[in-house]
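Below you'll find the structure, written out as structure tokens, and then a few comments.
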Amino acid sequence: MCTLIIRWHPGDDWPLIIGSNRDEMKTRQSKPPGRHWPDRPEIIAGIDETAGGSWLGVNDFGVVAAILNRSNSLGPKEGKRSRGELVLEALDHADASDAAEAITSINEKAYRSFNMILADNRDAFWIKHTETDSIALNSIPEGISMITADDLNDIKSPRIAKYLKRIRKASVPNPGTNDWDAWQKVLADKSEHIDGNPLTSINIKTDYGFGTVSSSLLAVPNSQERKVQWKFCPGTPDATPFDFVEI
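Okay, here's the thing in structure tokens:
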């Protein structure tokens with residue numbers, strides 16, 4: 001049950017800003033973002049060492065792709081392909097619009113349910129796959145949105161109900177000056193929801209090996225004169241420092 005926050009403001013110096021926590025079984029091995037795929041040298045992404053795909057990545061064209069499991073679909077399932085490969089397939093494209101067209105054309109029966117975010121400095125999309133309906137493509141509204149294992153900005157999700165207003169009131173990151181403090185504090189918050197369920201926290205810790213295993217802060221500029229900024233934390237964001245990813 002990962003979390004992704006997206007600030008989408010076309011025309012800004014940094015039109016696309018993302019904050020994300022990855023939640024996974026701690027025993028599932030991964031490597032930090034890098035150019036891990038020799039046949040796809042333009043892709044920078046974290047690699048899931050179990051299935052070979054990724055959960056979040058960017059390419060040299062400034063396209064960002066992220067995938068999140070929907071509710072009750074954690075982990076692999078016999079007869080289904082790894083959803084992490086869709087991040088790589090999306091990042092084979094030079095713009096988010098083409099990537100979205102490609103992902104919505106996949107064999108939907110081959111994958112468990114997912115939410116996918118595809119964006120660049122021109123477009124931003126949320127793709128929803130429930131396994132019961134056709135894959136749905138939605139434009140992300142301007143402003144700050146949040147997604148977990150349910151729908152975009154769905155306040156029926158306790159995590160979104162708790163954190164969306166908070167992140168909208170927080171200071172906007174300034175990637176140009178490396179000012180991410182407000183968002184970093186939100187991603188590091190370990191307080192639980194009123195029902196005492198640790199899964200409703202944005203920074204999860206449980207007694208059965210599931211929890212937040214890494215965190216990312218990422219921004220795409222409005223022109224090629226500046227580089228994508230990506231800061232990655234290879235652990236829980238309350239206890240592990242963020243370092244810049246080489247782009």
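In our numbering, the protein residues as written are 1 to 247. Idealized CB from N, CA, C, for every residue including glycine.
Endpoints, the beta strand (DSSP E) within which residue i is located
i, result
"S97", "Per DSSP, S97 belongs to no beta strand (DSSP E); it is in the alpha helix (DSSP H), 96–103."
"E24", "16–25"
"A66", "64–69"
"L251", "As displayed, the chain neither begins before 1 nor continues past 247, which places residue 251 out of reach and without an answer."
"V255", "Since the first and last residues shown for the chain are 1 and 247, residue 255 lies out of range."
"L33", "Reading off the sequence, residue 33 comes out as Pro, not Leu. 30–34 is the span of the beta strand (DSSP E), which, as asked, contains P33."
"Q229", "229–233"
"R7", "3–8"
"D207", "Careful: D207 lies outside any beta strand (DSSP E) and carries neither H nor E."
"A51", "Taken as a continuous stretch (DSSP letters only), A51 belongs to no beta strand (DSSP E), as it is neither H nor E."
Rounded Cβ spacing between residue i and residue j (contact assumed at less than 8 angstroms)
i, j, result
"I5", "I144", "7 angstroms"
"W8", "A170", "That belief does not hold up - the Cβ atoms of W8 and A170 are roughly 16 angstroms apart, past 8 angstroms."
"T130", "R81", "In fact, because the Cβ distance is near 16 angstroms, the residues do not count as touching under 8 angstroms."
"W14", "V213", "Not really, about 26 angstroms apart at Cβ, beyond 8 angstroms."
"V186", "I202", "7 angstroms"
"A100", "L152", "So it is not a contact: roughly 14 angstroms between Cβ atoms."
"A96", "A66", "Not confirmed; about 12 angstroms, so no contact."
"M1", "L199", "6 angstroms"
"V58", "I47", "Contact flag wrong, Cβ pair sits at about 14 angstroms."
Buried versus exposed call for residue i [16 or more other C-beta atoms within 10 Å across all chains shown]
i, result
"K156", "exposed"
"T148", "buried"
"Q224", "exposed"
"S264", "Given a span of 1 to 247 for the chain in the structure shown, any question on residue 264 remains unanswerable."
"Y111", "buried"
"A239", "exposed"
"F232", "buried"
"E246", "exposed"
"T132", "exposed"
"E24", "buried"
"F244", "exposed"
"T177", "exposed"
"D150", "buried"
"D179", "exposed"
"G11", "exposed"
"T27", "exposed"
"N107", "exposed"
"G84", "buried"
"K128", "buried"
"N197", "exposed"
"Y163", "buried"
Extent of the continuous alpha helix (DSSP H) run through residue i
i, result
"A90", "84–90"
Proximity test, residue i beta-carbon vs the ligand NAP heavy atom, cut-off 7 angstroms
i, result
"W14", "No copy of the ligand NAP appears in this structure; indeed no ligand is present at all."
Where in the region 120–189 do unbroken runs of the beta strand (DSSP E), each at least 3 residues long, occur, reported from the N-terminal end onward?
124–129, 136–139, 143–147
Per the contact definition of three or more C-beta pairs closer than 8 angstroms, is the region 27–34 in contact with the region 186–198?
no
Three or more C-beta pairs under 8 angstroms: does that hold for the region 216–231 against the region 55–65?
yes
Tell me whether the region 84–98 and the region 33–49 touch, counting them as touching only if at least three CB pairs, one residue from each stretch, are closer than 8 angstroms.
yes
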